[in-house]
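In our numbering, the protein residues as written are 428 to 729. The structure under discussion appears below in the form of structure tokens.
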């Protein structure tokens, strides 16, 4: 963390440039009767930088800042207040991610869609799990992961990425929601006139017709074992489809997206949003440095 403050200034400059006139002269999105110790824009920058450096809990962040940057630590609000404001600024964090992603998109991209499990506890303990009850419409559910051939308890992250690994849109659902049910929600309005690659879980003749009629999206999936060969599924599509799996692996290895500390769904959703925004910000930094955007692990190295 010896470059934390220098990187923080860098993240702040990017955030201020993207939000422009949305923030006031103090760097806040909202009105505060009493001026806070740290403005909103800096809260977002600290959260994203911490995620980018693999610090995924406020407890660890505060402990390391206290030990390595004591003067800066004294200027921060209490950790409870910091976490509360982080949750309040979730929509702005997501908006920043969308603004940066829009600058990295290309009209000729091929897109890939897939989902990954996000367990909130070990499956053996799910009957005793009492967390995530603040939103009754998004209670964690039991789902099945075909690749691992095992059940899990929690949620699923559905992500739409392009052929460079940029996340165009995403959706957080309960674990028992089938991937096909969210296909329209995650694609329509975000992409059009493009090829969309997916795995066998997205096979749906009616969905293929609907996507093409609505937005000229050509959904391509490999055939199941009990189906005849699909002439529209090419070998290069199978290789390119693995790009989304690389994106999920990066979120697991660098951003610890499957590690859960949240006790509420609001906190859980905020953690996921922050990790995706930090990932997109690192891609944007690579783009500005004329480096491949997918090399996010080395984006902050000088």
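Where is the CB? At the ideal position from N, CA and C, for every residue including glycine.
Which of the three DSSP states, helix, strand or coil, is assigned to residue i?
i           : result
residue 805 : Residue 805 lies beyond the stretch modelled for the chain, which goes from 428 to 729, so this question has no answer here.
residue 652 : coil
residue 681 : coil
residue 615 : strand
residue 524 : helix
residue 465 : coil
residue 548 : strand
residue 802 : Residue 802 is absent from the structure shown; the chain starts at 428 and stops at 729.
residue 458 : coil
residue 482 : coil
residue 664 : helix
residue 537 : coil
residue 444 : helix
residue 518 : helix
residue 559 : coil
residue 676 : helix
residue 553 : helix
residue 489 : helix
residue 497 : helix
residue 701 : helix
Between residue i and residue j, which are expected to be in contact by the criterion C-beta below 8 Å, what is the C-beta distance as a whole number of angstroms?
i           : j           : result
residue 697 : residue 549 : Contact flag wrong, Cβ pair sits at about 23 Å.
residue 629 : residue 540 : 7 Å
residue 674 : residue 621 : Not quite, the Cβ-Cβ distance comes to about 18 Å (not below 8 Å), so this is no contact.
residue 468 : residue 446 : 7 Å
residue 667 : residue 590 : 6 Å
residue 699 : residue 609 : About 15 Å; that fails the 8 Å criterion.
residue 470 : residue 509 : 7 Å
residue 638 : residue 644 : 4 Å
From the DSSP secondary-structure annotation, give me the bridge partner or partners of residue i.
i           : result
residue 542 : 585
residue 571 : 578
residue 646 : 623
residue 712 : For residue 712, which the question treats as bridged, DSSP gives no partner whatsoever.
residue 598 : 585
Report all residues from its chain with a CB closer than 6 Å to the CB of residue i; omit the five preceding and five following residues, and keep chain order.
i           : result
residue 705 : 475, 478, 479
residue 671 : 539, 541, 588
residue 526 : 445
residue 625 : 540, 648
residue 543 : 584, 675
residue 521 : 700
residue 709 : 479, 723, 726
Which same chain residues, not among the five before or five after residue i, have their C-beta less than 7 Å away from its C-beta?
i           : result
residue 703 : 524, 594, 597
residue 659 : 647
residue 687 : 547, 695
To which residues of the same chain is residue i closer than 8 Å at the C-beta, ignoring the five residues directly before and after it?
i           : result
residue 559 : 547, 565, 566, 567, 689, 690, 691, 692, 695
residue 500 : 489, 492, 493
residue 641 : 611, 615
residue 439 : 468, 469, 472
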